[in-house]
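Take the sequence shown: its letters are residues 22 to 136, numbered as in this note's numbering. Data block below; observations after.
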Amino acid sequence: MNRREVLFRVGGLLLALPASRVLLACGGDTGMGPDSLRFISSSDLGHTHFFTLQLTEITSPPAAGISRQTSNDLSHTHTVTLTEADLDSINAGNTVTITTSNDDNHTHTFAFRKS
Numbered sequence: 022m023n024r025r026e027v028l029f030r031v032g033g034l035l036l037a038l039p040a041s042r043v044l045l046a047c048g049g050d051t052g053m054g055p056d057s058l059r060f061i062s063s064s065d066l067g068h069t070h071f072f073t074l075q076l077t078e079i080t081s082p083p084a085a086g087i088s089r090q091t092s093n094d095l096s097h098t099h100t101v102t103l104t105e106a107d108l109d110s111i112n113a114g115n116t117v118t119i120t121t122s123n124d125d126n127h128t129h130t131f132a133f134r135k136s
């Protein structure tokens with residue numbers, strides 16, 4: 022293999038690696054069923070997170086609200102906290118914007134809206 026072939030193959034690999042990450046993020050089990058809604062966060066520091074709400078959490082929100090982790094990306098998660106009032110507002114068709122906990126020195130924003 023000559024120098025040009027090596028450079029071409031390494032260059033192709035460098036292009037394929039980021040593309041494979043995108044394809045992996047798009048494929049596989051979404052974790053969504055017919056009774057849930059999946060939301061994607063803002064893109065911060067070059068990545069996003071997912072958060073799933075069960076329809077029952079929106080239609081019959083718990084008095085204490087909900088607080089749980091986002092999907093894991095780049096070896097970290099964030100906490101999303103929605104109050105009972107937030108969940109009622111989403112159920113009414115309003116958009117509720119929530120900022121996640123600050124983990125790994127950054128936050129993300131979710132815009133929750135029942136479609």
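Here a beta-carbon is modelled for each residue, glycine too, at the ideal position from N, C-alpha and C.
Find out if the Cβ-Cβ distance for the pair N99, T121 is shorter than 9 Å. As a position in the sequence shown, residue 99 is number 78, starting the count at 1. As a position in the sequence shown, residue 121 is number 100, starting the count at 1. One point to set straight first is that residue 99 is His, not Asn, in the sequence displayed. Yes, the Cβ-Cβ distance between H99 and T121 is below 9 Å.
L66 (DSSP reduced to helix, strand or coil): Position 45 of the sequence shown holds residue 66. Looking at L66 - three-state DSSP - the assignment turns out to be coil, as it is neither helix nor strand.
Can you find the residues in the same chain that come closer than 6 Å, C-beta to C-beta, to T102, ignoring five residues on each side of it along the sequence? Start at 1 with the first residue of the sequence shown, and residue 102 comes out as number 81. The residues are S88.
Does DSSP put S81 in a helix, a strand or coil? In the sequence shown, the residue the question calls residue 81 occupies position 60. In the structure shown, S81 sits in coil (DSSP, three-state: anything other than H, G, I, E or B).
Per DSSP, what kind of secondary structure is V43 in: helix, strand or coil? Here residue 43 refers to the residue found at position 22 when the sequence shown is read from its first residue. Interpretation of V43 is limited by its pLDDT of 41, a score under 50 that renders its predicted location unreliable; no figure is taken from the coordinates.
Simplified DSSP state of L76, which is helix, strand or coil: As a position in the sequence shown, residue 76 is number 55, starting the count at 1. Here L76 sits in helix by DSSP.
Tell me whether the beta-carbon of T91 lies closer than 9 Å to the beta-carbon of H70. As a working mapping, residue 91 is identified with position 70 in the sequence shown. As a working mapping, residue 70 is identified with position 49 in the sequence shown. Against a cut-off of 9 Å, the Cβ pair of H70 and T91 comes out as a contact.
Closest by C-alpha distance to T73, when choosing among S96, L66 and P55: The count along the sequence shown starts at 1 and reaches residue 73 at position 52. If we check each option's Cα against that of T73, P55 comes out closest.
Who are the near neighbours of T77 in its chain, counting only those whose CB is closer than 8 Å to its CB and skipping five residues on each side? Here residue 77 refers to the residue found at position 56 when the sequence shown is read from its first residue. Excluding residues within five positions, the ones whose Cβ falls inside 8 Å are D56.
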